[in-house]
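Enquirer:
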Amino acid sequence: MASQERPIFITLGNRKGGVGKTSSVINIASYLATLGKKILVIDTDPQANCSSILLKDFNDTNGRSLVTALEGVPGENPLSAVVCDTYHPQISIIPNTSSCMLWERKVAQEADAVMGISRLVKQDKALNAYDFVFFDTPPNLGVMMNNALMASDFVIIPIPPSDQFSLDGLAAYLNLIGSIRKHNDRLKLLAVLITKYAPEWGNSAQNLSQIKEYFSAKGISIFQTHIHNCAEIDMAHVARKPIFESAPDSVCAHEYADLCQEILKIFNIIYGKKFI
Ligand SMILES: Nc1ncnc2c1ncn2[C@@H]1O[C@H](COP(=O)(O)OP(=O)(O)O)[C@@H](O)[C@H]1O
Ligand SMILES: [Mg+2]
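Everything in the sequence shown is counted per my numbering, starting at 153 for the first residue and increasing by one.
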């Protein structure tokens, strides 16, 4: 992909926490980086889990964060000025901090509260150096989730079939995507990603067939690659590493690699050019 072109902006979102949004951003970004893609991760979750794993030095951001850019005088603090290094030279991150919650509260009533990131993206030609920009998102439908979707081309919804609550919140999340599309007509639901799949547990397999029915009735795809429940994912977070570094031979490492290949093949078709 030529560096002057616009990156592809992808949100990993679900109103529920614990579904694998952050794990998926970390591992998708990491695999694409090994293929030579240039990746920017924007952490829109004030819990900053993604920042804590990916940042090269969590204590040395020099005040650079998403909020610094959002609060800055227009033109003064572009997104590209708050980019930080990660463990991998091909991946950069705009970290988040807990102060983002104060910013969200402050702007919540403003008419353009959801436009902050998309406005910064439009003004910032330096972002064109990236092939992909991934938004990790908080577990709610608040200001930050709206900002990420307003700036995105695609959304991927991670769903663990064993988690009934993540299924219960789906309709509200799909409604939000529908309402954002009225303002951002580029936004498409790329596909649902099955995460933490443990067919041997409880009603996981039964829920999966319900999920398949639910989405096929809506014409929404599910990625062929499912990410199984895999202890190595937790262990990778403890080691503050992507799965490809901490357990490269694990089932999940292979599945995240397959998922990335699947995503790139979909983009080959959508964009009519070779991503892989
Ligand atoms: N495929 C998986 N197998 C096992 N545990 C997982 C898997 N994906 C995520 N987890 C664990 O589930 C928890 C929530 O994952 P996380 O990625 O933080 O979700 P979210 O960002 O949606 O809150 C974490 O403890 C993480 O290690
Ligand atoms: Mg998370």
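Virtual Cβ for every residue (Gly too), placed ideally from N, Cα, C.
1) Out of PHE375, ALA221, ARG271, VAL295, state which residue places its alpha-carbon closest to the alpha-carbon of MET253.
2) When the Cβ atoms of the stretch 389-405 are set against those of the stretch 331-348, are three or more pairs found closer than 8 angstroms?
3) Should LEU411 be labelled buried (16 or more other beta-carbon atoms within 10 Å of its own) or exposed?
4) Could you give the residue range of the alpha helix (DSSP H) that holds ASP386?
5) Alpha carbons only, please: which of ALA278, PRO291, GLY172 is nearest the one belonging to PRO312?
6) List in chain order the residues whose CB is within less than 5 angstroms of at least one heavy atom of ligand 2.
7) Just curious, the alpha helix (DSSP H) that PHE367 is in, first and last residue?
8) What residues in its chain sit with their C-beta under 7 angstroms from that of ALA181, if we drop five residues either side in the sequence?
9) Verify the contact flag: CYS382, CB atom, against every heavy atom of ligand 1, threshold strictly below 6 angstroms.
10) Under 7 angstroms, do LYS208 and TYR183 count as touching if we go by C-beta distance?
11) Would you say the beta carbon of HIS378 comes nearer than 6 angstroms to a heavy atom of ligand 1?
12) Helix, strand or coil for ASP288, going by three-state DSSP, please let me know.
13) Using a Cβ-Cβ distance cut-off of 7 angstroms, determine whether SER250 contacts chain D.
14) Mind checking whether the beta-carbon of ILE162 lies closer than 6 angstroms to any heavy atom of ligand 1?
15) Let's see if you can read the secondary structure: which residues bound the alpha helix (DSSP H) around ALA185?
16) Within 10 Å of its beta-carbon, does ARG440 have 16 or more other beta-carbons around it, so buried, or fewer, so exposed?
Expert: The answer reads as follows:
1) Here residue 253 is taken as the residue at index 101 of the sequence shown, counted from 1. For the residues PHE375, ALA221, ARG271, VAL295, the minimum Cα distance to MET253 belongs to VAL295.
2) no
3) Position 259 of the sequence shown, counted from the first residue, corresponds to residue 411. Its Cβ being crowded by 16 or more others within 10 Å, LEU411 is buried.
4) Along the sequence shown, one-based indexing puts residue 386 at 234. It spans 383-390 - the alpha helix (DSSP H) in which ASP386 sits, taken as one unbroken run.
5) Along the sequence shown, read from residue 1 onward, the residue named residue 312 stands at position 160. Nearest C-alpha to PRO312: GLY172.
6) LYS173, THR174, ASN201
7) As a working mapping, residue 367 is identified with position 215 in the sequence shown. Run containing PHE367: 356-369, per the alpha helix (DSSP H) assignment.
8) Locating residue 181 in the sequence shown gives position 29, counting from the first residue. Excluding residues within five positions, the ones whose Cβ falls inside 7 angstroms are ILE191, VAL193, ILE243, PHE286.
9) Numbered from its first residue, the sequence shown carries residue 382 at position 230. Yes, Cβ of CYS382 sits closer than 6 angstroms to a heavy atom of ligand 1.
10) Numbered from 1 along the sequence shown, position 56 holds the residue referred to as residue 208. Numbered from 1 along the sequence shown, position 31 holds the residue referred to as residue 183. Not a contact, by the Cβ cut-off of 7 angstroms.
11) The count along the sequence shown starts at 1 and reaches residue 378 at position 226. No.
12) Within the sequence shown, residue 288 is the residue found at index 136, counting from 1. Correct three-state label for ASP288: strand.
13) No chain D appears in the structure shown, which is made up of a single protein chain.
14) Position 10 of the sequence shown, counting from 1, holds the residue named residue 162. Not so, every heavy atom of ligand 1 lies at least 6 angstroms from the Cβ.
15) Translated into positions along the sequence shown, residue 185 becomes position 33. Its alpha helix (DSSP H) spans residues 173-186.
16) The question about residue 440 has no answer here: the residues shown for the chain are numbered 153 through 428.
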